[in-house]
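Input: a single structure, listed below in structure tokens.
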Amino acid sequence: MGRATELTKTEWIVAADEAGARLDKFLSAPGRLGSRSRAAAAREKGKVFVNGQEVGRGGNSVRLAAGDIVRIWMDRPGSARRRPGPFRGKELDILYEDSWLLVLNKPAGLLTVPLERKRGEPSVYEQIKTHLRSHGKRRPFVVHRIDRDTSGVVLFAKDAPTQQSLKRQFLHRTPERVYRAVVYGHPTPARGTWHDHLVWDRKALIQKQTHPRDPRGTEAISDYRVIEAFEKASLIEVRLRTGKRNQIRIQARLRGHTLIGEQRYTYGPDELRPVEFARQALHAHGLGFEHPSDGRRLQFEAPMPKDMLELIAELREQEP
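Our numbering numbers the first residue of the sequence shown as 6 and each following residue consecutively.
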């Protein structure tokens with residue numbers, strides 16, 4: 006890993022020829038923070054300000070205007086973080102809701118449900134609980150979850166019988182779960198199936214590959230296809246047959262196609278992963294299942310989030 010950039014100054018005025026530049030690109034320039042990963046880390050810790058206003062984790066795509074003042078508060082305590090404000094209804098992107106269940110589009114960076122070790126952090130579960138209480142319901146019931154830094158479709162039940170009915174569908178692998186991901190390299194063939202046996206490492210909190218005869222292991226199967234190939238990366242669609250924790254992330258890594266932005270399932274030096282992205286480029290694009298009340302088939306899609314659309318646009322621009 007290269008040495009960190011040494012800053013000669015911590016405040017800059019945006020010049021006319023830099024007007025319209027994204028904040029992350031502006032900060033990643035030589036003589037500033039030097040990389041988008043350092044820019045993302047500074048935002049995460051509440052150290053980036055534009056015209057005196059703090060810019061948090063969602064500010065990577067902020068566009069700058071000529072004359073804007075960008076400042077890095079270098080000596081702000083490293084533990085300082087930009088805390089989300091109180092819940093506001095518009096933050097809950099509900100795709101569908103009825104008397105039995107609720108489907109929403111989860112933003113990246115937000116936990117699906119609270120973790121024991123992170124009880125104070127905001128989650129979709131807490132936001133939905135607030136939403137339901139305003140409509141006379143006590144709490145939501147968890148059906149499944151997606152990773153904190155994965156965006157996309159998540160399903161919650163409104164009562165225990167509905168929850169159990171939906172969970173049985175997931176147990177029997179009948180829901181259709183479709184993801185979009187941007188990975189390094191070009192999966193070959195362009196369409197196929199990934200089949201592995203995985204074991205969860207409770208200490209490292211990661212999935213590891215194991216032998217098919219290992220009694221601790223469980224089967225992981227995903228069908229994939231390449232949607233678009235770039236010079237050194239690919240946009241792929243993955244359909245889960247099984248639903249193991251971090252399944253797509255580890256299966257892509259095992260084949261040398263680490264997700265862009267991946268921080269956990271990586272290999273080799275950072276130079277092998279030159280594209281800067283603030284999270285793993287993974288989006289839960291579609292979910293289909295049978296409604297517990299009458300058996301009708303429901304299908305939902307969450308549009309690709311802005312950060313992944315911008316990433317794809319950048320990769321297209323880099324084409325020779």
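Yeah, the Cβ is synthetic: ideal placement off N, Cα and C, and Gly gets one too.
All values derive from a computational prediction rather than experimental measurement.
- Between residue 15 and residue 99, the alpha-carbon positions lie close to 40 Å from each other.
- Annotated as distal: residue 211 and residue 227, with beta-carbon spacing of 8 Å or more.
- Assignment of residue 285 by DSSP, reduced to helix, strand and coil, places it in the coil class.
- For residue 159, no alpha helix (DSSP H) segment is defined; the enclosing uninterrupted segment is the beta strand (DSSP E) at 156–162.
- Selection 241, 29, 24, 184 evaluated against residue 307 yields 184 as nearest (Cα-Cα).
- By alpha-carbon distance to residue 299, the top candidate from 103, 70, 121, 18 is 103.
- Taken through DSSP and simplified to helix, strand or coil, residue 294 comes out as strand.
- For residue 150, the CB contacts under 8 Å within the same chain, skipping 5 residues up- and downstream, are 117, 118, 159 in chain order.
- The C-alpha of residue 238 is placed about 28 Å away from the C-alpha of residue 36.
- When C-alpha distances from residue 40 are compared across 283, 323, 309, the shortest belongs to 283.
- Of the other Cβ atoms in all chains shown, fewer than 16 fall within 10 Å of the Cβ of residue 18; this residue is therefore exposed.
- Residue environment analysis places residue 111 among the buried positions, since at least 16 neighbouring C-beta atoms fall within 10 angstroms of its C-beta.
- Only residues of its own chain outside the window of five on either side were considered, and among them 29, 32, 33, 38 have a CB closer than 7 Å to the CB of residue 44, listed in chain order.
- Sixteen is the threshold: when 16 or more other Cβ atoms of the shown chains lie within 10 Å of the Cβ of residue 312, as they do, the residue is buried.
- In the structure shown, the three-state DSSP call for residue 54 is strand.
- By the neighbour-count criterion, in which 16 or more other beta carbons inside 10 Å mark a residue as buried, residue 220 falls on the exposed side.
- Under the DSSP definition of a beta bridge, residue 141 lacks any partner.
- With contacts defined as CB atoms closer than 8 Å, residue 167 and residue 97 fail to qualify as a contacting pair.
- Counting every other CB atom within 10 Å of its CB across the protein chains shown gives residue 21 a total below 16, marking it as exposed.
- By alpha-carbon distance to residue 194, the top candidate from 231, 27, 294, 247 is 231.
- Under the DSSP assignment, residue 232 falls in the beta strand (DSSP E) whose first and last residues are 223–234.
- When C-alpha distances from residue 203 are compared across 287, 178, 108, 258, the shortest belongs to 258.
- Under the criterion of beta carbons closer than 8 Å, residue 243 and residue 186 qualify as touching, at roughly 6 Å.
- Contact between residue 154 and residue 285 holds, since their C-beta atoms are separated by about 6 Å, short of 8 Å.
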